[in-house]
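Notes to accompany the following structure.
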Amino acid sequence: MKPSLSLNNVRLRNKMLILYILSVFVPIVLTNVIFYRVTTENVKNQRMKDISRAVEQIKNEFQAKIEATITVSMVFNTDFNLNEILEMKYENPVDYIEVYDSYFRRILNSYTPAYNDVQNIKIYIDNPTMLHSGGVGDITPEVKQSDWYHALKDSKSSQPVFVRTEREDSYSKNGGTRDVFSVIRRMNYYGSKNQFEKILKIEMKTTSIQQIFRNLNLNGNIYLINNDNQIEYTTDPHVDWTKVSLDYSSLVFPSDAIEIETKYENVSYLEGWRIVGTISSEEVLKEVRQSREFVFVLACINILLPTLIILWITRSMNVRLRHILKHMKKVKNQNFDTIKQVEYHDEIGQLTSEFNRMTIQVKSLIDDVYVADIQKKSLELERRQAQLNALQSQINPHFLFNALETIRMRSVVKNETETAKIIHNMAKIFRTSLTWSKDRVTVSEEMEFIVCFLEIQKYRFEDRLEYHLIVDPSARTCIVPKMMFLPFVENASIHGIEPVKSGGKIEVRIERERDNLVFAIRDNGVGMDEEKVNRFYGFLDTEEEIGERIGVQNVIYRLKLIYGDQFQFLIESAPNRGTFIKLRIPVDGL
1 MKPSLSLNNV
11 RLRNKMLILY
21 ILSVFVPIVL
31 TNVIFYRVTT
41 ENVKNQRMKD
51 ISRAVEQIKN
61 EFQAKIEATI
71 TVSMVFNTDF
81 NLNEILEMKY
91 ENPVDYIEVY
101 DSYFRRILNS
111 YTPAYNDVQN
121 IKIYIDNPTM
131 LHSGGVGDIT
141 PEVKQSDWYH
151 ALKDSKSSQP
161 VFVRTEREDS
171 YSKNGGTRDV
181 FSVIRRMNYY
191 GSKNQFEKIL
201 KIEMKTTSIQ
211 QIFRNLNLNG
221 NIYLINNDNQ
231 IEYTTDPHVD
241 WTKVSLDYSS
251 LVFPSDAIEI
261 ETKYENVSYL
271 EGWRIVGTIS
281 SEEVLKEVRQ
291 SREFVFVLAC
301 INILLPTLII
311 LWITRSMNVR
321 LRHILKHMKK
331 VKNQNFDTIK
341 QVEYHDEIGQ
351 LTSEFNRMTI
361 QVKSLIDDVY
371 VADIQKKSLE
381 LERRQAQLNA
391 LQSQINPHFL
401 FNALETIRMR
411 SVVKNETETA
421 KIIHNMAKIF
431 RTSLTWSKDR
441 VTVSEEMEFI
451 VCFLEIQKYR
461 FEDRLEYHLI
471 VDPSARTCIV
481 PKMMFLPFVE
491 NASIHGIEPV
501 KSGGKIEVRI
511 ERERDNLVFA
521 IRDNGVGMDE
531 EKVNRFYGFL
541 DTEEEIGERI
551 GVQNVIYRLK
561 LIYGDQFQFL
571 IESAPNRGTF
581 IKLRIPVDGL
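Residue numbers for the sequence shown follow the UniProt record's numbering, so the first one is 1 and each next one is one higher.
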């Protein structure tokens, strides 16, 4: 038979070492390697998404700036009064100046501060009767030779043209620096009334454009490229985009550079334009590189901490097991010393306790076997004596019941039927009060106890007591706690009627009202003052243990325990006016 793979012959310390390597060290190393790789990939993907969103945000914000400027151009193009002023021929400069001051100056100066994206508005026109100043320029041969004029002329649609131009100030013209973006359109909205060529040129604020492209979420370079693949704007400090029209494909990027591109689609004035963002791979993975040390430290902690814990637990097990083995060898040589140590509750601690118990028992069996046998027989005798005492205590009540029955039979024989009846009632109440194996009875059974008690009291008081019992037939089968009503009848008879010399009356009424059982008792006895009435109500709030007493206080305490808040208690009484007590308990819920 081939031996199966087993660790039964491996020492406990080596078993724990194998457990540590396979269950702690290897899983932690693999987990951290996988975690690092997954985290690197997730961070890279998230960073690429952030860069793409940043480029897309630049694209949308740049388009929004252009559209805001185009909106301004539409206002000028559709202004009927402005078109009339531009098409008018002025006989002398004074007439033009008057018109300019009354309307033209106001409309030219009102839109520039209203839009943060506009820095200059100028209208070029070939009307020779107008003065070319203050936002109005002449379409000179130099203007017709400009790039923006050619771009507008080459445009076949009536839509505005978006181009990069020189500033309107003289310094930019002298320097040849094209560092502004302008929206240019022909003012031909009222085509039939156009006798002059009118061109609107609106320059956008350079600072607004720079603010858009300097996106803080992108630590790289941004390139705005037109439909001819030329760079119109860039944040790359190595490219002078303001003076040179540089082809984007001529740029040389590092091998690890990542390009993110977004194109303008369905935008007539930016057709074919695109925005490209470039960033190095090192920049993308910079956060991962920073977290690499954290992952390494976390891996060391995950390895070191379980190692220390396993060494601590292994030492605790190994030392105590060797201690037990040492004492077991002593037992083999009939040395029954117990292990002296603190009692622990783990399995080894339980094994130690059982070893000590076994050692003590073995020694006791050897040294005290006869004494133990004698003690066992003595305990057996004591147990039998206790059984006899219990049997004797059961005989005494039966003797009393038999004695009462003998007296009753002798009274019957002597024709003393009234005395026999009273003795029968006394025996019945006595037997009921001592028998508590049945603690729930029907209303009919409870009424039998009440009749027995009232008959005894009527025998005592003769004509001084008269009672009436009214029980609803539907209430007779209801279940109630044993002796729940009798203490109230006893209280009314002894404390209410007994002090009265004549004419004592007790009325008991039991009714069923839907799901409730109502018990009411009324007497015309001496009654109670307010202090005693409050004492009865005080029984409802007390949590005192009543013990074995059977009285009104005990009944109230029992009803509280059984029914809780569903139990209701009412008492009405006054000195020399009798007492009325009413109980209400639920029928269901017993």
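Note that CB positions come from ideal geometry on N, CA and C, so glycine has one too.
Pairing Ile279 with Glu197, the inter-Cα distance amounts to about 47 Å. For Arg512, the enclosing beta strand (DSSP E) covers residues 504–513.
Straight across, the Cα-Cα distance linking Glu91 with His132 is about 15 Å. Annotation for Arg292: Tyr36 place their beta carbon closer than 8 Å to its own, counting only its chain and skipping 5 residues before and after.
For Ala68, the uninterrupted alpha helix (DSSP H) segment begins and ends at 26–77. For Thr165 and Pro254, the gap between their C-alpha atoms comes out near 31 Å. With respect to the 9 Å criterion, Asp126 and Ile107 are not classified as neighbours on the basis of their beta carbons. Exposure of Arg315 is indicated by the presence of fewer than 16 other C-beta atoms within 10 angstroms of its C-beta. Rounded to whole angstroms, the gap between the alpha carbons of Lys329 and Leu321 is 13 Å. Two segments are said to touch when three or more pairs of C-beta atoms, one from each, lie closer than 8 Å; by this definition the region 518–526 touches the region 494–509.
About 5 Å separates the beta carbons of Ile260 and Ser52, which is inside the 8 Å limit, making them a contact pair. Cβ neighbours of Thr129 within its own chain (closer than 6 Å, five residues either side excluded): Lys89, Tyr90. Assignment of Gln230 by DSSP, reduced to helix, strand and coil, places it in the strand class. Bounds of the alpha helix (DSSP H) holding Arg460 are 443–461.
Per DSSP, the continuous alpha helix (DSSP H) segment holding His150 begins and ends at 147–154.
Asn229 and Asp247 do touch by the CB rule: their CB atoms are close to 6 Å apart, below 8 Å. In terms of CA proximity to Leu304, Phe25 leads the group Leu19, Ile585, Ile18, Phe25. Secondary structure note for Gly137: its beta strand (DSSP E) is the uninterrupted segment 136–138. Here the alpha carbon of Val480 sits roughly 15 Å from the alpha carbon of Tyr557.
Exposed is the label assigned to Ile309, since fewer than 16 other Cβ atoms lie within 10 Å of its Cβ. For Arg13, the enclosing alpha helix (DSSP H) has its first and last residue at 12–20. Each residue's CA atom was taken as its position, placing Thr235 and Glu61 some 16 Å apart. Where Ser208 is concerned, there is no enclosing beta strand (DSSP E), although the alpha helix (DSSP H) around it starts and stops at 206–213. If the five residues before and after Leu570 are omitted, its C-beta is found closer than 6 Å to the C-beta atoms of Lys582, all from its own chain and listed in chain order.
Residue pairing by DSSP places Pro481 opposite Arg440 in a beta bridge. Counting the other CB atoms within 10 Å of its CB gives Leu325 a total below 16, which places it among the exposed residues. Here Thr242 has Thr177, Arg178, Asp179 as same chain residues with Cβ atoms under 7 Å from its own Cβ, once five neighbours each way along the sequence are excluded. The continuous stretches of beta strand (DSSP E) do not include Tyr103, and DSSP gives it neither H nor E. Taking C-alpha positions only, Asn219 is separated from Glu283 by approximately 7 Å. In this structure, Glu203 sits near Glu168, with a CB-CB distance shorter than 9 Å. Taking Phe104 as the centre and dropping the five residues before and after it, the same chain places the C-beta of Ile85 closer than 7 Å to its C-beta, in chain order. The Cβ neighbour count for Gly272, taken over all protein chains shown within 10 Å, is under 16; the residue is labelled exposed.
DSSP places Arg558 inside the alpha helix (DSSP H), whose first and last residues are 552–563. For Gln159, the secondary structure class from DSSP, reduced to helix, strand or coil, is coil. In the DSSP assignment, Lys122 falls within the unbroken beta strand (DSSP E) covering 118–125. In the three-state DSSP reduction, Pro586 falls in the strand class (E or B).
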